[in-house]
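Yeah, the sequence shown ends on 1299 if you go by this note's numbering, and it's all consecutive.
Quick reminder that beta carbons are idealized off the backbone N, C-alpha and C, glycines included.
Treat the numbers as computed from the prediction; the structure is a model and nothing was measured.
Encoded as structure tokens, the structure appears first; notes follow it.
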Amino acid sequence: MPKARARKDRQAHLTDHGGEVVAALREIGNPRFGADVATDRGSSMEYLGIRFPALRRRVNEGFSFYDLSEEEILAIWNRLWCTSPYGDVLFAALEYYAPRVRKRVSPALWPVVRHWHQRVDNWCHSDGLSSLYSWILASDPADVYPQLELWNRSADQWLRRISIVSLIHYSGTNAVFTPLDRVLPLVTTCLEDEREYVQKAVGWVLREIGQAFPHEVGAYLEEHIATISAVAFRRAVERRSPGVKAELRVLREAARA
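Written out as structure tokens, the structure reads:
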């Protein structure tokens, strides 16, 4: 009986914190903007209409449960992620962990957040979660990379997008950290997936790793020039010199003629 009561009290405690987060976010939201966000992203979730700078500030200001242990805080964010109807609440969870994983990745994090993909139904949550996964991958490739391989073979477009976008930190000098021989096979699996959000991810990943491995990625583009989609190709060559772009375009046109 005491155990059952403790479990019930804990669930009520988590629910209270969920109400606290939603109330705080609602105060800074704009319902009209929220409706536009849902439509723009094709998401089935509700949106309170909060722009990211304001959301980030509010998350950094803190909630009452920030004084709890790391494990308890993770349990609260996990419950909110899994049950909240509001897309903004999911973004709040990502904003909470984004700066923390850059400094330290808790061993308790991956077993929980690896399941968060189940709520993803739009590119923005997909990419925010991929950013989180990328830092966990950098910290623990032995556990995370095999999961990305499994997702890479999924028929679900968001899992496929996550499987390759997670291989790179968002952008910048240190964005590329995964060895090339672990990036390209996962990209190749997605080359013939015609869905737009998968192809945009293919192009973005090739563009970013091309910054670190220009010759190798150039050779990869030439090898797969007949297969790569127009959407992916445009993104992949964005940062190439005008001369290289022109050469690759000629090759692509000839290969697809």
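Using a Cβ distance threshold of 7 Å, Ser1208 and Ser1176 count as a contacting pair. Annotation for Leu1171: Leu1136, Trp1158, His1159, Val1162, Ile1204 place their beta carbon closer than 7 Å to its own, counting only its chain and skipping 5 residues before and after. Counting along the chain, the unbroken alpha helix (DSSP H) around Lys1242 starts and ends at 1238–1254.
Annotated as distal: Ala1297 and Ala1254, with beta-carbon spacing of 7 Å or more. Contact annotation, Arg1277 with Lys1242: C-beta distance approximately 7 Å; criterion of less than 8 Å satisfied. Unbroken alpha helix (DSSP H) stretches of 4 residues or longer found wholly inside the stretch 1060–1136: 1073–1083, 1094–1103, 1112–1125, given in chain order.
If you draw a straight line from the Cα of Phe1105 to the Cα of Val1063, it comes to about 7 Å.
Between the alpha carbons of Arg1224 and Asp1058 lies a gap of roughly 43 Å. With respect to Gly1252, Ala1274 sits apart: the two C-beta atoms are not nearer than 7 Å.
Spanning the alpha carbons of Glu1069 and Gly1091 requires a straight line of approximately 10 Å. Boundaries of the alpha helix (DSSP H) around Ile1204: 1199–1207.
Between Leu1228 and Glu1258, the C-beta gap is not smaller than 7 Å, which leaves the two residues out of contact. Assignment of Val1162 by DSSP, reduced to helix, strand and coil, places it in the coil class.
Taking 7 Å as the cut-off, the beta carbon of Val1101 is found no closer than this to the beta carbon of Tyr1139. A distance of 7 Å or more separates the beta carbons of Tyr1239 and Trp1193. Assigned with DSSP and collapsed to three states, Val1292 falls in helix. Under the criterion of beta carbons closer than 8 Å, Leu1226 and Tyr1262 qualify as touching, at roughly 6 Å.
Between the beta-carbon of Arg1249 and that of Arg1281 there is about 6 Å, and that keeps the pair under the 8 Å contact cut. In this structure, Thr1220 is the residue among Ser1086, Thr1220, Arg1202 with its C-alpha nearest to the C-alpha of Ser1181. Between Phe1133 and Ile1118, the C-beta gap is not smaller than 7 Å, which leaves the two residues out of contact. Here Leu1116 is near Val1154, since their CB atoms are less than 7 Å apart.
Between Thr1125 and the set Tyr1212, His1266, Glu1088, Pro1141, the nearest pair of CA atoms involves Glu1088. The Cβ neighbour count for Ser1168, taken over all protein chains shown within 10 Å, is at least 16; the residue is labelled buried. It is roughly 17 Å from the alpha-carbon of Leu1290 to the alpha-carbon of Val1247. Val1218 sits in a strand when the DSSP states are folded into three classes. Here Ile1178 carries a helix assignment [DSSP, helix/strand/coil].
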